[in-house]
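Colleague: Residues in the sequence shown are numbered consecutively from 6, following our numbering. Mind looking over this structure? Questions follow.
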Amino acid sequence: MGRLTYSELEPYPERHLALTSLTLEEFAELLPPFEAAFQAHMADWCLDGKPRTARRYTTYKNCPLPTASERLLFILVFVKTNPLQEAHGLMFRLPQGKTNMWIHTLLTVLRNALRISGDAPSRNLADLARRVDTTTEAPTQADVVSAPLFVTTAQNDGLAVRKTRASNRAATVARKSAIQSRISC
């Protein structure tokens, strides 16, 4: 089984659309801001998420995702299909650990590319009103960094669920008595 590549998928626009939710034209339009965001990210960070200290980023000839189109295809397929990392790695011939590193790096890059290009979804009414108004300018770098792209629900501390404490004396006594009863049987 070969790996999924952009060059093999390009002749089949319906498959491309099914895997990425983008037409070939939309994909080509997103590619330059994505590559710019990738190069900017890799100038400061390593693939494993650590700050870059010594050398600058270069793409090796044996890199599993050597081109911008391969990287964009990789992350768009992941976002659209939401497979297990092991399954996604099989599609692109990567081990699960490398798949994890590429996913975390490229999600950040995709988020920044969508924000800079103005294609990120609006998360509040004020932002939506600003985007609908055609007289406003493009988002600034402060807008790009501050607002989250993928929002999760906030933690609800108002729940009336009582938390069991591990150091509670009654829990310790109950645990010890259960162990003693198993030993004596």
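All C-beta atoms, glycine included, are put in the ideal place defined by N, C-alpha and C.
Take every Cβ of the segment 107-120, pair it with every Cβ of the segment 40-54, and state whether three or more of those distances are shorter than 8 Å.
Modeller: Cβ pair count under 8 Å is three or more, so yes.
Colleague: Considering only the alpha carbon of each residue, which of SER74, VAL137 and ARG61 lies closest to GLU30?
Modeller: Checked all of SER74, VAL137 and ARG61; the closest Cα to GLU30 is SER74.
Colleague: So the alpha helix (DSSP H) TYR62 belongs to, where does it begin and stop?
Modeller: Careful: TYR62 lies outside any alpha helix (DSSP H) and carries neither H nor E.
Colleague: When the distance is taken between beta carbons, is HIS21 closer than 8 Å to GLU15?
Modeller: Going by C-beta atoms, GLU15 is nearer than 8 Å to HIS21.
Colleague: Between the C-alpha atoms of PRO88 and GLN185, what's the straight-line distance to the nearest angstrom?
Modeller: Their backbone Cα atoms lie some 46 Å apart in a straight line.
Colleague: Whose C-beta lies closer than 8 Å to the C-beta of ALA45 among residues of the same chain, with five residues either side of it excluded?
Modeller: So the qualifying residues of the chain are ASN117.
Colleague: Using alpha carbons as the reference points, say which of THR63, LEU36, GLU34 and LEU35 lies closest to ALA48.
Modeller: The shortest Cα separation from ALA48 among THR63, LEU36, GLU34 and LEU35 belongs to THR63.
Colleague: Count the other CB atoms within 10 Å of the CB of GLY94; is the residue buried (16 or more) or exposed (fewer)?
Modeller: Result: buried.
Colleague: With distances taken from CA atoms, which of ALA175, LEU70, LEU35 and LYS66 is nearest LEU52?
Modeller: Measuring from the Cα of LEU52, the nearest candidate turns out to be LEU70.
Colleague: Can the beta-carbon of LYS85 be found closer than 8 Å to that of SER127?
Modeller: No. Outside cutoff.
Colleague: Pick out the complete alpha helix (DSSP H) segments inside the segment 40-93, 4 residues or longer, and give them in chain order.
Modeller: Taking only runs of at least 4 residues, the alpha helix (DSSP H) segments lying wholly in the segment 40-93 are 73-86.
Colleague: Quick one: give me the first and last residue of the alpha helix (DSSP H) that ALA179 is part of.
Modeller: ALA179 -> alpha helix (DSSP H) spans 174-189.
Colleague: Which of the three DSSP states, helix, strand or coil, is assigned to ALA118?
Modeller: Three-state DSSP puts ALA118 in a helix.
Colleague: Return the chain-ordered list of same chain residues with a C-beta closer than 7 Å to the C-beta of GLU91, the five sequence neighbours on each side being excluded.
Modeller: The answer, listed in chain order, is GLN101.
Colleague: Would you check if the distance between the CB atom of TRP50 and the CB atom of ARG60 is smaller than 8 Å?
Modeller: Cβ distance not < 8 Å, so TRP50 and ARG60 don't count as in contact.
Colleague: In angstroms, rounded to a whole number, what distance separates the CA positions of VAL82 and SER182?
Modeller: In a straight line, the C-alpha of VAL82 is about 53 Å away from that of SER182.
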